[in-house]
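K.L.:
Quick one: this structure, given as structure tokens, is what I'll be asking you about.
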Amino acid sequence: VSDRFDYPAGDLIRDLTDVVNFVTADPYQSFLVFDIVVTEDRIRVDRNDLLGKPMRMDPADLTALVAAGRAVAALVDEDDMGPLERAVAKLAGARGSLEETVQIRLSVGDEPVLDVLREAIRTGRCVDIDYYSYGRDVETTRVVE
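Residue 148, in the numbering used here, is where the sequence shown stops; the numbers in between run on with no holes.
In structure tokens:
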């Protein structure tokens with residue numbers, strides 16, 4: 004799997020064992036979504052039987068995931084884009100031809116701010132952001148992992 008998707012083996016194992024089960028559409032789920040067993044030459048992923056039906060993404064979820072992937076891509080060096088670029092292209096094409104998919108253009112940000120974000124991504128650190136919510140007319144701070 005690591006070779007097929009050009010994904011470092013250590014990162015793959017860490018993501019499968021530490022991250023995958025936290026990716027869920029239902030924030031109130033208190034159980035593991037997948038049973039994952041990693042051995043030296045095999046990865047076995049089974050859907051947890053506590054789920055009553057197969058997981059599905061609606062068009063809004065898919066669009067949000069593509070937008071998030073493209074936002075991360077804007078912060079990553081082009082040399083590191085291979086797996087992310089392929090994953091975003093597959094997701095973007097999942098609802099039809101690539102011509103029919105939503106195109107999102109991110110504006111170029113303030114370079115010092117982007118440098119802080121890139122460094123946080125590179126070192127795995129959290130970033131405090133201040134932002135204004137127009138809908139609630141409130142300025143607030145959030146920690147972004």
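Positions of the beta carbon are idealized from the N, C-alpha and C atoms, including for glycine. This structure is a prediction, so every number in the text was calculated from the model and none was measured.
Looking at the structure shown, is T20 part of a helix, part of a strand, or coil, going by DSSP?
P.N.:
By one-based count along the sequence shown, residue 20 stands at place 17. Three-state result, T20: helix.
K.L.:
Identify whether T126 lies in helix, strand or coil by the three-state DSSP scheme.
P.N.:
For this step, residue 126 is matched to residue 123 along the sequence shown. DSSP places T126 in helix when its eight states are reduced to three.
K.L.:
What three-state label does DSSP hand E142 in the structure shown?
P.N.:
On the sequence shown, position 139 is the one that residue 142 refers to. Note: E142 maps to strand in three-state DSSP.
K.L.:
Could you please give the first and the last residue of the uninterrupted alpha helix (DSSP H) stretch that includes V69?
P.N.:
Here residue 69 is taken as the residue at index 66 of the sequence shown, counted from 1. Its alpha helix (DSSP H) spans residues P62 to A76.
K.L.:
Since D154 and D38 are thought to touch, with beta carbons under 8 angstroms apart, how far apart are those beta carbons, to the nearest angstrom?
P.N.:
It is not possible to answer for residue 154, since the shown part of the chain is limited to 4 through 148.
K.L.:
By Cβ distance, which residues of its chain are closer than 6 angstroms to V146, with the 5 residues on each side in sequence left out?
P.N.:
As a first step, residue 146 is located in the sequence shown; it is residue number 143 there, counting from the start. For V146, where only same-chain residues beyond five positions count, the Cβ hits under 6 angstroms are C129 and D131.
K.L.:
To the nearest angstrom, how far is it from the Cα of L78 to the Cα of V116?
P.N.:
For this step, residue 78 is matched to residue 75 along the sequence shown. For this step, residue 116 is matched to residue 113 along the sequence shown. L78 and V116: Cα-Cα distance of roughly 11 angstroms.
K.L.:
Which whole-angstrom value describes the C-beta separation of D18 and G85, a residue pair presumed to lie in contact below a C-beta threshold of 8 angstroms?
P.N.:
In the sequence shown, the residue the question calls residue 18 occupies position 15. In the sequence shown, the residue the question calls residue 85 occupies position 82. At roughly 16 angstroms, the Cβ-Cβ gap does not stay under 8 angstroms, so D18 and G85 are not in contact.
K.L.:
Could you round the C-beta distance between L87 and V75 to whole angstroms and report it? I think they count as a contact, below 8 angstroms.
P.N.:
For the purposes of this step, residue 87 is taken as the residue at position 84 of the sequence shown. For the purposes of this step, residue 75 is taken as the residue at position 72 of the sequence shown. Right, their Cβ atoms sit about 7 angstroms apart.
K.L.:
Is the CB-CB distance between V41 and G72 below 7 angstroms?
P.N.:
For the purposes of this step, residue 41 is taken as the residue at position 38 of the sequence shown. For the purposes of this step, residue 72 is taken as the residue at position 69 of the sequence shown. Not in contact: V41 and G72 (Cβ atoms no closer than 7 angstroms).
K.L.:
Given a threshold of 16 other Cβ atoms within 10 Å of its Cβ, counted over all protein chains shown, does A151 qualify as buried or as exposed?
P.N.:
Because the chain here runs from 4 to 148, residue 151 falls outside it and cannot be looked at.
K.L.:
Compare the Cα-Cα distances from R47 to each of L15, Y135, P62 and P11 and report the closest residue.
P.N.:
Along the sequence shown, read from residue 1 onward, the residue named residue 47 stands at position 44. Of L15, Y135, P62 and P11, the residue nearest in Cα terms is L15.
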